[in-house]
Structure formats: C-alpha cells, structure tokens
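Just so we're aligned: 393 in numbering that gives the first Met the number 0 is position 394 of the sequence shown, and the numbers increase by one with no gaps anywhere.
Cβ atoms here follow ideal geometry from the backbone N, Cα and C, with glycine treated the same way.
To keep things clear, I will list the structure first and then write my remarks on it.
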Amino acid sequence: MENNKKIKIGLIGLGTVGSGVFKTLGGFDHVEIVKIAVKNKNKKRDIENLDEGIITDNPYEIVNDPSIDIVVELIGGIEPAFDLIKTAISNGKHIVTANKELLAKHGEELFRHAEAHNRVVLYEAAVAGGIPIITPVKTILAGNNITKIEAILNGTTNYILTKMDVEGASYEDVLKEAQKLGYAEADPTSDVEGYDSAYKIAILSSISFKKRINIDNVYKEGISKIKAQDIKAANDLGYKIKLVALAQIDKDEKVDVRVHPMLVSKDSILAHIDYVKNAIKLEGYPVGSIALSGAGAGEFPTASSVIGDILGIADELGTTDYLLPMMRCKHKESAQMINIMDTVNKYYLSINAKNEKGVIGKIGAICAENNISLASIVQRGVEENNTADIAVITEMALERDVRKTIDMLEADESINTVASLIRVQTDK
Ligand code: HSE
C-alpha cells in the first residue's frame with residue numbers, strides 16, 4: 000500500500016461512541032470513513048456532514064469490502080460482533096474495538112486468529128473509556144513487573160454510589176433517577192451487578208500480568224445490596240464505599256482478580272473519584288505507584304481512545320509488514336487464579352441484633368472462635384423494634400473464616416441478621 004493513499008475505515012455502530020468517532024475523525028485527512036453499518040437505517044440522526052449514502056444495515060458489507068483497511072466495531076455484545084471481527088480479520092483487515100465483553104470472553108481465540116493473519120486488534124476504548132491505560136501498559140510500562148491494580152472502572156455505579164453518599168438516598172431511588180437522566184441503562188444489570196467492571200479488570204489484569212485470565216474465575220459482587228446506612232456507617236468510620244475492581248499477583252504468581260464494593264479510606268485516591276469518573280491505580284516495579292483518572296465513558300472521551308487506535312494503525316499501514324508489535328497479544332500461559340474463599344481481607348459487617356446485654360461480647364467471641372480479630376465494634380443506635388445495629392471492622396481475616404462466622408452469627412438467637420459484608424481497603 001502506498002503511503003499517500005487515504006486509509007479507509009468501516010464503522011460498525013453509530014451509537015454514542017460511533018457518533019463521537021465520526022465527528023472527531025473528520026479532522027484527519029489521511030483517514031476516511033467510507034461505510035457505516037447501523038441497526039436501523041431510518042432512524043433520524045442529528046450528525047453534521049453524515050452522507051446517508053455510506054450507511055448500510057448490513058455490517059457484512061463492511062467486513063467483506065476489499066477496499067476497507069480498518070474495521071471499527073462499536074456495537075458490543077458477543078454476536079454478531081464476534082463473527083464480524085473474525086470475518087474482517089480473515090479478509091485482511093485490522094480491527095479497533097471497544098467490546099470488553101467479547102475480549103474478556105473470547106480474547107484468546109480472537110488474538111490467535113489475528114496473529115495467524117498478521118493483523119492487529121486494538122481496544123484502548125474497551126477499558127475506562129477515555130483514560131489511556133491499555134496502550135501505556137503495553138508500551139511504556141512494558142518493562143515493569145506490575146503487581147497490583149485497584150480501579151473504579153464503571154461510571155454508572157460510581158454515579159449511583161456518589162449520589163447515595165451526597166444525598167443519603169437509597170440505591171433504588173438513585174438508580175431510578177439515574178435511569179431517567181440516561182446515566183443508567185433501562186436494564187442496569189451489566190453495570191450494577193459488576194459484569195462490566197469484571198470484563199474490564201479481566202482485560203487489564205491479563206495484559207498487566209501477561210497471563211490469560213478466565214473470566215469465569217473473576218469473582219464479582221455488584222452494588223445492588225448496598226444500603227444508605229452502610230454508606231453512613233462507612234463515612235462515620237472514615238471511609239467511602241466504591242465498586243472496586245482489584246487485581247493482584249503474589250510471589251508464587253497466583254492471581255487474584257475480583258470486583259466488589261469496598262470501603263476505601265477517605266484520604267485514598269479512589270475515594271476522590273466521584274460521579275461518572277473512572278480511575279486506575281497501578282503498582283509496579285520500577286515505576287512505583289501511579290494513578291490515572293478521567294472520563295470512563297461518554298461520546299467524546301471514548302472516541303478519543305478509538306481514534307487514537309485508528310491513527311496508530313493508519314500511520315503504520317504501508318510502512319511495515321509487521322504492524323505495532325508491542326500492541327500484539329503475546330502471552331499464552333493461563334493464570335492460576337485464587338478463589339475468593341482463600342483471600343485475606345479486612346471486613347466491615349453490619350449486624351442487626353436484639354438489644355440485650357452481652358450481644359457485643361457474643362459477637363467478639365464468635366469472631367475469635369473463627370480466628371478473626373476485631374479492629375472496631377460500634378453500636379450505631381437502637382431501632383424502634385428494640386434491635387441494635389452494630390458495625391464491625393475486622394483485622395485481616397480469611398474470607399472462608401468470615402463466611403463461617405456470618406453463618407454462626409446468624410444462627411445465634413440474639414442476632415437477627417448480618418445485613419452487610421463489605422471488604423475494606425488495606426492500603427491507600
Ligand atoms: N456502562 C459503562 C459505565 C460504560 O457505566 O462505565 C461502558 O463500559
């Protein structure tokens with residue numbers, strides 16, 4: 000291919016991110032969007048300079064078009080995205096995608112297929128929208144031994160938790176409001192139950208630890224069980240509650256990847272990431288501890304990552320037979336993953352018990368019986384029905400022991416329920 004030829008782009012998907020890509024890519028003379036696939040051709044679109052003639056409702060017209068160099072997939076989900084990308088690669092096209100679910104579930108097959116055809120798949124937009132993290136980890140941080148990532152990777156849940164904190168409102172009320180404002184989807188499951196964050200941390204930990212991460216072994220808990228009283232108790236104890244995506248690797252190369260709510264210290268970086276913002280804190284040697292924050296979603300921030308990937312490919316096309324070697328997937332080994340039950344954490348427990356003598360003593364005794372030492376225990380008032388809410392923070396404890404403790408506490412006649420179990424950040 001000659002260097003002065005315009006690079007031809009086929010765009011699959013013209014939703015929020017696709018529109019942002021269309022609007023921003025026009026400023027670059029050496030690339031040209033020649034075809035756009037949409038679901039509904041008749042939908043009214045308020046996009047300046049959009050030539051209706053290049054719009055199709057058949058995405059295979061793009062992946063099978065011999066003139067197209069780069070296919071940009073922005074429809075998400077597994078099918079038809081998976082087949083479209085594989086077909087595009089077989090037809091010699093390079094790929095830019097924001098599809099976290101597809102990469103987390105079928106990355107291995109996709110990257111093997113791409114390598115077999117000497118094509119690249121770039122996906123900066125799949126993790127944390129506009130924050131550059133995939134490219135830095137693969138390039139300038141490549142010489143690091145990355146050992147830990149602690150991140151907020153979902154804007155919807157961070158918006159809900161921030162609103163609950165600021166307004167003292169319930170999860171249900173804030174979710175409804177967020178849906179009305181368009182911050183949360185009509186079916187919010189993927190965001191609020193932690194799937195979206197799990198896909199993202201699986202991708203990020205895979206490239207950071209240079210191992211394949213089986214998404215089925217990524218433990219996840221969402222935010223739908225977080226109560227206003229947990230947020231209040233956390234505040235009083237010096238914490239904020241965030242949905243944290245965590246990945247760490249120990250000296251035996253065992254990998255712990257999970258998503259769950261976490262009490263983070265008020266003076267930690269993550270505690271200051273509010274509303275739809277995302278952030279990633281990463282520890283490695285020799286770089287030390289670094290953090291990046293910014294918009295994790297949205298039309299223009301996510302388009303920034305997509306067009307960066309497009310230009311990265313476009314600028315090398317025609318100059319080499321082996322594009323972007325540092326951006327390729329080279330790891331083959333599967334990570335040995337730690338089960339959540341074998342992890343060691345600090346915990347916050349919210350216990351509702353009868354308001355009677357000796358209850359706090361009993362809680363302490365049951366915890367001690369299960370090797371759990373308490374860092375703090377506070378009775379947070381008495382309810383109208385003469386029950387007491389008690390907030391407990393443990394020292395570091397084995398998850399298996401904590402689960403057993405909860406069963407024993409709930410079996411005790413003085414204790415009504417352990418209403419919440421939330422893990423606590425151990426370092427800032
Ligand atoms: N739904 C995601 C979020 C953005 O709320 O952050 C796309 O991954």
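Counting along the chain, threonine 15 sits inside the alpha helix (DSSP H) bounded by residues 15 to 24. The nearest non-hydrogen atom of ligand 1 is 8 Å or more from the C-beta of glycine 17.
For methionine 163, the enclosing alpha helix (DSSP H) begins and ends at 154 to 166. In the three-state DSSP reduction, lysine 253 falls in the strand class (E or B).
Taking the Cβ of threonine 134 as the reference point, every heavy atom of ligand 1 lies at 8 Å or farther away.
Looking only at Ala36, Cys366, Asn153, the smallest Cα-Cα distance to asparagine 57 is reached by Ala36. The beta carbons of glycine 128 and alanine 278 sit about 12 Å from each other, so the pair does not count as a contact at 8 Å.
The region 37 to 57 makes no contact with the region 126 to 146, as fewer than three CB pairs between them are under 8 Å. In this structure, leucine 174 sits near alanine 183, with a CB-CB distance shorter than 9 Å. Remark: the shortest separation between the CB of valine 217 and any heavy atom of ligand 1 does not fall under 8 Å. As far as DSSP is concerned, glutamate 60 takes part in no beta bridge. At least 9 Å separates the beta-carbon of isoleucine 405 from that of valine 119.
Within the region 110 to 156, the complete alpha helix (DSSP H) segments of 4 residues or longer fall at 133 to 137, listed in chain order. Rounded to whole angstroms, glycine 363 and asparagine 344 show a C-alpha spacing of 18 Å. Of the candidates Glu412, His271, Lys219, Lys356, the residue whose Cα lies closest to the Cα of alanine 201 is Lys219. Within the DSSP bridge table, the entry for glutamine 378 names Ile389 as partners. Taking 9 Å as the cut-off, the beta carbon of glutamate 382 is found no closer than this to the beta carbon of lysine 22.
Scanning the region 308 to 376 for uninterrupted beta strand (DSSP E) segments of 3 residues or longer gives 343 to 353, listed from N- to C-terminal end.
Judged by beta-carbon spacing, glycine 17 lies beyond the 9 Å limit of valine 33, meaning their Cβ atoms are not closer than that value. Around the beta carbon of glycine 106, 16 or more other beta carbons lie within 10 angstroms, which makes this residue buried.
When the five nearest sequence neighbours on each side are left out, the beta carbons in the same chain lying within less than 6 Å of the beta carbon of lysine 162 are those of Val173, in order along the chain. Valine 254 and glutamine 247 have their C-alpha atoms spaced approximately 6 Å apart.
Looking from the CA of threonine 425, the closest CA among Met336, Ile230, Leu269, Tyr158 belongs to Leu269. Taking threonine 416 as the centre and dropping the five residues before and after it, the same chain places the C-beta of Asn351, Glu409 closer than 7 Å to its C-beta, in chain order. Boundaries for alanine 296: no beta strand (DSSP E) harbours it, and the DSSP string shows neither H nor E there.
According to DSSP, alanine 244 shares a beta bridge with Ala150, Val258. Ligand 1 has a heavy atom closer than 8 Å to the beta-carbon of leucine 152.
By the criterion of a C-beta distance shorter than 8 Å, arginine 44 is surrounded in its chain by Leu13, Ser18, once the five residues flanking it on both sides are discounted. Judged by pairs of C-beta atoms under 8 Å, the region 303 to 311 does not touch the region 190 to 205, as fewer than three such pairs exist. Between ligand 1 and the CB of serine 189, the shortest heavy atom gap is smaller than 8 Å. DSSP lists Lys147, Ser288 as the bridge partner or partners of glutamate 282.
Straight-line measurement puts the Cα of leucine 348 at about 14 Å from the Cα of alanine 227.
Put simply, of Leu102, Ala97, Glu72, Thr86 the residue whose alpha carbon is nearest the alpha carbon of isoleucine 130 is Ala97. Under the criterion of beta carbons closer than 8 Å, isoleucine 225 and tyrosine 170 qualify as touching, at roughly 6 Å. At the C-beta level, alanine 124 and serine 292 stay beyond 9 Å of one another.
Isoleucine 84 and valine 70 have their C-alpha atoms spaced approximately 8 Å apart.
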